[in-house]
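These notes are about the structure you will find just below.
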Amino acid sequence: MTDQEPMPSPPAPSPLDQSAQFVKGVGPARLPLLQKLGVETVRDLLYYFPRSYADLSDQRTIAELQPGMLQTVVGEVVEMEGRTTASGKQLLSIVISDGQDVIEGVWFNQTFMARQLAYGMRVAFSGKPNWYRDHWQMSAPRVRPLRDDEATSENPIVPIYPLTQGLHAEAMRRIQRHVVETYAEQVEDCLPLTVRSRHDWPDLTTALRDMHMPPAPSRAEAARRRLAFEEFFILHVALTIARRDQQQVLAAPALATTEIIDAHIRQLFPFTLTRDQSRAIAQICKDMASERPMRRLLQADVGAGKTAVALYAMLLAVAHRHQAVLMAPTEVLARQHWRTVNEYLAQSRVRRSLLTGSLPPRQRRQTLGEIRMGQVDLVIGTQALIQNDVEFSRLGLVVIDEQHRFGVLQRGKVRQLGPEPHYLVMTATPIPRSIALTVFGDLDSTVIRELPPGRQPVVTKWVAEEKRANAYLHLHKELKRGQQLFVICPLVEESEGHDTKAAEQMYAELQASHLGAFRIGLLHGRLDDGVKVDVMNRFRERQLDILVATTVVEVGVDVPNATLMVIEHAERFGLSQLHQLRGRVSRGPVRGLCLLFAQATSPETAERLRLFVKTTNGFELAEHDLRLRGMGEFFGTRQHGFGSLRVAHLVKDQDLLSQAQADARELVQGDPGLRLPEHALLRAQVLRQYGDKLNLAAMG
Numbered sequence: 003m004t005d006q007e008p009m010p011s012p013p014a015p016s017p018l019d020q021s022a023q024f025v026k027g028v029g030p031a032r033l034p035l036l037q038k039l040g041v042e043t044v045r046d047l048l049y050y051f052p053r054s055y056a057d058l059s060d061q062r063t064i065a066e067l068q069p070g071m072l073q074t075v076v077g078e079v080v081e082m083e084g085r086t087t088a089s090g091k092q093l094l095s096i097v098i099s100d101g102q103d104v105i106e107g108v109w110f111n112q113t114f115m116a117r118q119l120a121y122g123m124r125v126a127f128s129g130k131p132n133w134y135r136d137h138w139q140m141s142a143p144r145v146r147p148l149r150d151d152e153a154t155s156e157n158p159i160v161p162i163y164p165l166t167q168g169l170h171a172e173a174m175r176r177i178q179r180h181v182v183e184t185y186a187e188q189v190e191d192c193l194p195l196t197v198r199s200r201h202d203w204p205d206l207t208t209a210l211r212d213m214h215m216p217p218a219p220s221r222a223e224a225a226r227r228r229l230a231f232e233e234f235f236i237l238h239v240a241l242t243i244a245r246r247d248q249q250q251v252l253a254a255p256a257l258a259t260t261e262i263i264d265a266h267i268r269q270l271f272p273f274t275l276t277r278d279q280s281r282a283i284a285q286i287c288k289d290m291a292s293e294r295p296m297r298r299l300l301q302a303d304v305g306a307g308k309t310a311v312a313l314y315a316m317l318l319a320v321a322h323r324h325q326a327v328l329m330a331p332t333e334v335l336a337r338q339h340w341r342t343v344n345e346y347l348a349q350s351r352v353r354r355s356l357l358t359g360s361l362p363p364r365q366r367r368q369t370l371g372e373i374r375m376g377q378v379d380l381v382i383g384t385q386a387l388i389q390n391d392v393e394f395s396r397l398g399l400v401v402i403d404e405q406h407r408f409g410v411l412q413r414g415k416v417r418q419l420g421p422e423p424h425y426l427v428m429t430a431t432p433i434p435r436s437i438a439l440t441v442f443g444d445l446d447s448t449v450i451r452e453l454p455p456g457r458q459p460v461v462t463k464w465v466a467e468e469k470r471a472n473a474y475l476h477l478h479k480e481l482k483r484g485q486q487l488f489v490i491c492p493l494v495e496e497s498e499g500h501d502t503k504a505a506e507q508m509y510a511e512l513q514a515s516h517l518g519a520f521r522i523g524l525l526h527g528r529l530d531d532g533v534k535v536d537v538m539n540r541f542r543e544r545q546l547d548i549l550v551a552t553t554v555v556e557v558g559v560d561v562p563n564a565t566l567m568v569i570e571h572a573e574r575f576g577l578s579q580l581h582q583l584r585g586r587v588s589r590g591p592v593r594g595l596c597l598l599f600a601q602a603t604s605p606e607t608a609e610r611l612r613l614f615v616k617t618t619n620g621f622e623l624a625e626h627d628l629r630l631r632g633m634g635e636f637f638g639t640r641q642h643g644f645g646s647l648r649v650a651h652l653v654k655d656q657d658l659l660s661q662a663q664a665d666a667r668e669l670v671q672g673d674p675g676l677r678l679p680e681h682a683l684l685r686a687q688v689l690r691q692y693g694d695k696l697n698l699a700a701m702g
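Written out as structure tokens, the structure is:
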């Protein structure tokens, strides 16, 4: 560019990215309410979809009404009355007549309705009528004034949006109607025309209109499926590119196993590996023998022995004079791995270190120096491993435990540990296939289902509150025999408005009960790391008989003598989380006992708890949990990094998931970098949503 050439002007900002405050009907007063819903911009409003729809197309005369069904009637206002009830509430009654019969609409504390209507005005009432005394009545019906020439009400399919206090449904509908009419055509459709045509999807503008203002329920569902497909498609394009990128990088060390190495590693384990463990090791060894970096997900049911498999892989790297690192999400879990590894390697010359945030500064500096100089072969730690001052000499393998518990940025930093080591991601949360394809779609997958011989199943019982005393008597007997007890609570401390038993409250109650004769400890996430480690060590070393805890003990805590567990308010936990908790009392040769205290607040809750009592199959429970609770709740966190799935549902949309995956692979095969002009919008969208999360270097 010469001095005479004018500087190119930056692209004009898109109207879709301006603040929602400037949308008609929002303004500075309603913007904070929208922000509570996660809405900041015009684009956010366009993609803030209804959670359901009310079909008001069933219009009848008053004489044709049926009780309890959503119906619409049209009539003339013949009576309006407001009064105060005995309880002090303001009651508004409006009666309309269709010329033959009358129906009454009643509202509590909504006297403003009277200002919108007048005697003789024609209106439409929509609601669920019930027969009250001698006439039909609707409670808080939807009301729409009609012009004299209008025979029916508005578009009969009414969107119902998730709201927050202070934001009324009608106001939200007016705002969204204006946004769609003004801005829907300005959204660029990143779904390639060839893909849209193949499945006969509507264009994006039509889909957005039909999501917010569908002329029929079938149109709303067609729009939803189109948008769900698009979400899956964009994700799988990103995942396919990530896999291609990984396969093209030939920088990882080739770490092949031999009969001698295999025999030497296996003799370190004080048990014989199961068939499933051996099969998993064979797959991992095949990956690590290649210069193509391993990217494998190792998932195992609770107690199936994934740590032994991971340790085999780490020792394989060490056998080739490379370093290996295992990173856990919490210090409690990191120290659990440290104890297990030290036990297995007691007779080994493998040099190993623990690196966590609680190390004293001097010890940390010494450990970092040993790692940097190659004087440590195997490192176990927490996110302290991904700080800027951590350097490895010859890193060959990174093992990440419970990856979904790490935030997206933390996982991105893991890639900076060394020049393309092999990666093994492992989880003790059984993952349904649809989630595995979606969240871990850039990884190969290995599953361990077989439990080690001698491992006893856990007996699970749902105990009625009135039988708590009897349950405590049984626990008392078992504790006297030398067993140990976990008591799990969903909260740390009691809070106003919750009747949930908190850990601190439960701790105090147990001390005051006849179980107070036993030694009781308290463990929760607000304690300092050093205190948590100390409490856990005392429990493990049988200096405590009972441990009252929150879900900080959910994963990885291994106390073989703790065979008893009580879970308070079990209805507040997902099935997968309950399964993880129950797994803490299946660690030894003695059969475990898990007692649930729960309130069945709905038929769905009762069904969930009955299934949990019935089966110990983690994969079956995980599928059921996903159907009931969705992906975000399944993981118990939205940090899995794929929150862009706003519309797609991993259970009911599995057909779309398969289609999107196949289409994405075909498209990326033909245009790996999405460089063709017709893929420019798709490329921009993929980078915007997943570029950082998946480190899409090939598209940079």
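In my numbering, the protein residues as written are 3 to 702. Beta carbons are placed, not taken as given, at the ideal position from N, Cα and C, and that holds for glycine.
Do residue j and residue i count as a contact pair if the criterion is CB distance below 7 Å?
i	j	result
Leu-658	Phe-273	no
Asn-111	Lys-91	yes
Glu-422	Ala-254	yes
Val-427	Leu-583	no
Arg-353	Asp-391	no
Leu-445	Arg-667	no
Thr-431	Ser-199	no
Thr-259	Cys-287	yes
Glu-187	Arg-124	no
Ala-321	Glu-293	no
Leu-357	Ala-386	yes
Leu-329	Ile-402	Residue 329 is actually Met in this sequence, not Leu. Result yes, Cβ atoms of Met-329 and Ile-402 sit closer than 7 Å.
Pro-52	Pro-143	no
Leu-698	Ile-96	no
Arg-211	Val-181	no
Can you list, in chain order, the residues of its chain whose CB lies under 7 Å from that of residue i, leaving out five sequence neighbours each side?
i	result
Gln-485	Asn-563, Thr-565 and Leu-566
Trp-464	Leu-598, Ala-600, Leu-611 and Val-615
Pro-158	Asp-57, Leu-58 and Ser-59
Thr-618	Pro-459 and Val-460
His-581	Val-304, Gly-620 and Leu-623
Grab me the residues of residue i's own chain with a C-beta within less than 6 Å of its C-beta, minus the 5 sequence neighbours each way, in chain order.
i	result
Val-449	Gln-301
Arg-407	Because Arg-407 sits at a pLDDT of 47, beneath the cut-off of 50, its placement in the model cannot be relied upon, and the point is left open.
Tyr-692	Ala-240
Arg-703	The structure shown does not extend to residue 703, since the chain is modelled only from 3 through 702, so no value can be given for it.
Ala-505	Cys-491, Val-494, His-526, Val-550 and Thr-552
Asp-627	Gly-576, Leu-577, Ser-578 and Phe-636
Lys-415	Unreliable positioning characterises Lys-415 in this predicted model, as indicated by a pLDDT of 49, which lies under 50. The coordinate reading is nonetheless provided below. Ile-388.
Identify the residues that DSSP records as bridge partners of residue i: which are they?
i	result
Cys-596	Thr-462 and Met-567
Ser-59	None, per the DSSP bridge assignment.
Ser-355	Val-381
Trp-340	Trp-340 pairs with nothing; no bridge assigned.
Tyr-134	His-137
Pro-161	Tyr-55
Ser-447	Leu-299
Thr-753	Residue 753 is absent from the structure shown; the chain starts at 3 and stops at 702.
Leu-698	For Leu-698, which the question treats as bridged, DSSP gives no partner whatsoever.
Rounded to whole angstroms, how far is the Cβ of residue i from the Cβ of residue j, which I believe are closer than 8 Å?
i	j	result
Val-688	Ile-388	Actually they do not touch by this definition, with Cβ atoms about 26 Å apart.
Lys-534	Glu-404	Actually they do not touch by this definition, with Cβ atoms about 17 Å apart.
Ala-56	Leu-39	So it is not a contact: roughly 20 Å between Cβ atoms.
Tyr-50	Val-41	5 Å
Gly-307	Gln-279	5 Å
Leu-481	Phe-541	Between Phe-541 and Leu-481 the Cβ distance is about 13 Å, and since that is not below 8 Å, they are no contact.
Val-145	Gly-107	7 Å
Leu-317	Ile-267	5 Å
Quick one: does residue i have its CB under 7 Å from some CB of chain E?
i	result
Pro-562	Of the protein chains in this structure there is only one, and it is not chain E.
Might you give, ordered along the chain, the residues of its own chain that have their beta carbon closer than 8 Å to the beta carbon of residue i, omitting 5 neighbours on each side?
i	result
Glu-66	none
Pro-295	Gln-248, Val-251, Ala-253, Ala-254, Glu-422, Pro-423, His-424 and Tyr-425
Leu-18	Thr-43, Val-44, Arg-45, Leu-48, Tyr-185, Gln-188 and Val-189
Leu-33	Ser-21, Ala-22 and Gln-23
Pro-217	Asn-157 and Ile-159
Original post:
Using 8 Å as the threshold, is the stretch 167-174 in touch with the stretch 188-203, meaning 3 or more CB pairs across them?
Top reply: no
Subject >> Three CB pairs or more closer than 8 Å across the stretch 114-125 and the stretch 78-98 >> reply: yes
Original post:
Should the stretch 14-29 be regarded as contacting the stretch 128-146, the criterion being three or more beta carbon pairs within less than 8 Å?
Top reply: no
Subject >> Stretch-stretch touch, CB-based, cutoff 8 Å, three pairs: the stretch 456-475 with the stretch 525-542 >> reply: no
Original post:
Given 8 Å as the limit, is there contact between the stretch 515-529 and the stretch 543-552, that is, 3 or more CB pairs closer than that?
Top reply: yes
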